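*Asks:*
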Amino acid sequence: MLNATLIKKLRDFELDIDLSVNDGEVMVLLGENGSGKSTVLNLLSGLLVPDEGNIILNNIELFSSEKGIFVPPEERNIGYVFQNYALFPHMTVFDNISFGLRMRRIPKNQFNEEVDRFLEDLGIAHVKCERVTNLSGGQRQRVALARALIIRPHLLLLDEPLTALDQSAREKIRLELRTQLVNSNQPSILVTHSLKDARIIGDKVMMLEKGKVIWSGKASDLKSLSTIPDDSAVNFVSEEYISFSGIAID
């Protein structure tokens with residue numbers, strides 16, 4: 723379980739957010755570009771340091787401004803799927819997925835079977851020996867997810883993981899991603915600006931605007947939102963699109 727209070731002064735505003743995500747639960751962060759969504763992920767992962775607050779994951783303090791605690795990123799056991807997937811282009815699918823295990827000095831004969839299971843579960847066993855530069859967008863997304871999950875992270879962070887996919891691939895992978903996240907049973911946080919991604923993949927949603935939470939609730943409640951503050955820049959223009967200050971984005 724994750725509990726966090728994050729305060730960070732940014733260039734244009736101060737981010738101030740409280741998070742609580744249970745095991746097997748997917749929290750979705752919705753908001754326009756520059757609202758602080760990705761900053762939240764970077765603070766949780768340790769790539770950025772909060773000015774104030776605390777991060778407690780599975781009853782272990784990873785950060786506390788009051789106690790002077792800061793656990794470095796490589797010791798947090800957090801999986802991170804970046805928007806561009808951040809795969810190693812010179813490596814095969816197998817080597818990309820097993821990278822985290824090799825960095826932990828786990829012998830190859832001990833993780834071969836585990837990698838093969840992920841390859842089968844995600845439908846990419848047939849490209850096991852291919853370089854990732856030869857893969858489709860959907861295949862790369864699956865490789866990035868497998869690489870993040872195979873280390874059995876205590877927390878999984880996903881930054882716009884479906885943005886690079888075409889519409890047909892996105893429709894299919896939404897459901898696959900939801901299944902994988904629930905079955906892996908760690909708390910997960912997904913950043914997106916798509917209402918449909920949020921409703922299908924998420925359990926809970928927090929909507930950010932200039933670093934503040936302007937709405938939170940169940941993902942299913944997005945179909946009938948009526949509690950967005952009147953002075954907010956957020957408008958829902960269809961079941962698929964969200965508009966911030968008059969700019970509609972999927």
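The sequence shown begins at 723 in the working numbering and counts up by one.
Glycine included, every Cβ here is placed at the ideal spot set by N, Cα and C.
This structure is a prediction, so every number in the text was calculated from the model and none was measured.
With a threshold of 16 other CB atoms inside 10 Å of the CB of residue 831, please say whether the residue is buried or exposed.
*Replies:* Position 109 of the sequence shown, counting from 1, holds the residue named residue 831. Answer is exposed; the Cβ neighbour count stays below 16.
*Asks:* In its own chain, which residues sit with a C-beta less than 8 Å from the C-beta of residue 734, not counting the 5 before and 5 after it?
*Replies:* What you label residue 734 is simply residue 12 of the sequence shown in a count that begins at 1. Correct list, in chain order: 756 and 932.
*Asks:* Which residues does DSSP pair with residue 725 in a beta bridge?
*Replies:* Along the sequence shown, read from residue 1 onward, the residue named residue 725 stands at position 3. According to DSSP, residue 725 bridges with 742 and 778.
*Asks:* With a 10 Å radius around its C-beta and 16 neighbouring C-beta atoms as the bar for buried, classify residue 781 as buried or exposed.
*Replies:* Locating residue 781 in the sequence shown gives position 59, counting from the first residue. Its Cβ having fewer than 16 others within 10 Å, residue 781 is exposed.
*Asks:* Roughly how many whole angstroms lie between the Cα atoms of residue 926 and residue 938?
*Replies:* Counting from 1 along the sequence shown, the entry for residue 926 is found at position 204. Counting from 1 along the sequence shown, the entry for residue 938 is found at position 216. When rounded, the distance between both Cα atoms is 7 Å.
*Asks:* Assuming residue 1014 is part of the alpha helix (DSSP H), what are its boundary residues?
*Replies:* A question about residue 1014 goes unanswered here, because the residues of the chain that appear run from 723 up to 972.
*Asks:* What does the Cβ neighbour count give for residue 974, buried or exposed, with the cut at 16 atoms within 10 Å?
*Replies:* What is shown of the chain runs 723 to 972, which leaves residue 974 out entirely.
*Asks:* Tell me which same chain residues have a C-beta within less than 6 Å of the C-beta of residue 880, skipping the five on either side of it?
*Replies:* Along the sequence shown, read from residue 1 onward, the residue named residue 880 stands at position 158. Same-chain partners within the cutoff: 803 and 912.
*Asks:* Where does residue 858 land, buried or exposed, given buried means 16+ other C-beta within 10 angstroms?
*Replies:* Position 136 of the sequence shown, counted from the first residue, corresponds to residue 858. Burial call: exposed.
*Asks:* What number of angstroms, rounded off, separates the C-alpha of residue 962 from the C-alpha of residue 944?
*Replies:* In the sequence shown, counting from the first residue as 1, residue 962 sits at position 240. In the sequence shown, counting from the first residue as 1, residue 944 sits at position 222. Only weak support exists for where residue 962 lies, its pLDDT of 47 falling under 50; the coordinates are left without a value.
*Asks:* So which of 730, 903 and 829 has the shortest CA-CA distance to residue 787?
*Replies:* Stepping through the sequence shown from its first residue, residue 787 is reached at position 65. The candidate whose alpha carbon is nearest that of residue 787 is 730.
*Asks:* Under three-state DSSP, which class holds residue 906?
*Replies:* By 1-based counting over the sequence shown, the position of residue 906 is 184. In this structure, residue 906 counts as helix in the three-state DSSP scheme.
*Asks:* By a C-beta neighbour count over all protein chains shown, 10 Å radius and 16 as the cutoff for buried, is residue 825 buried or exposed?
*Replies:* On the sequence shown, position 103 is the one that residue 825 refers to. Classification for residue 825: exposed.
*Asks:* Can you check DSSP and say which residues form a bridge with residue 927?
*Replies:* Working through the sequence shown from its first residue, we reach residue 927 at position 205. Paired residues: 750 and 939.
*Asks:* Distance check for residue 790 and residue 796, CA to CA, integer angstroms please.
*Replies:* Start at 1 with the first residue of the sequence shown, and residue 796 comes out as number 74. Start at 1 with the first residue of the sequence shown, and residue 790 comes out as number 68. If I take the Cα positions, the gap works out to 18 Å.
*Asks:* The beta strand (DSSP E) that contains residue 877, what's its start and end?
*Replies:* One-based indexing of the sequence shown puts residue 877 at position 155. Run containing residue 877: 877-881, per the beta strand (DSSP E) assignment.
*Asks:* Out of 793, 736 and 875, state which residue places its alpha-carbon closest to the alpha-carbon of residue 759.
*Replies:* In the sequence shown, counting from the first residue as 1, residue 759 sits at position 37. Answer by Cα proximity: 736.
*Asks:* Given that a residue counts as buried once 16 or more other Cβ atoms are within 10 Å of its Cβ, and exposed if not, what is residue 840?
*Replies:* Numbered from 1 along the sequence shown, position 118 holds the residue referred to as residue 840. So residue 840 ends up on the buried side.
*Asks:* Alpha carbon to alpha carbon, how far is residue 745 from residue 905? Give it in angstroms, no decimals.
*Replies:* As a position in the sequence shown, residue 905 is number 183, starting the count at 1. As a position in the sequence shown, residue 745 is number 23, starting the count at 1. Residue 905 and residue 745: Cα-Cα distance of roughly 10 Å.
*Asks:* Three or more C-beta pairs under 8 Å: does that hold for the stretch 846-857 against the stretch 881-889?
*Replies:* The stretch 846-857 vs the stretch 881-889: no contact.
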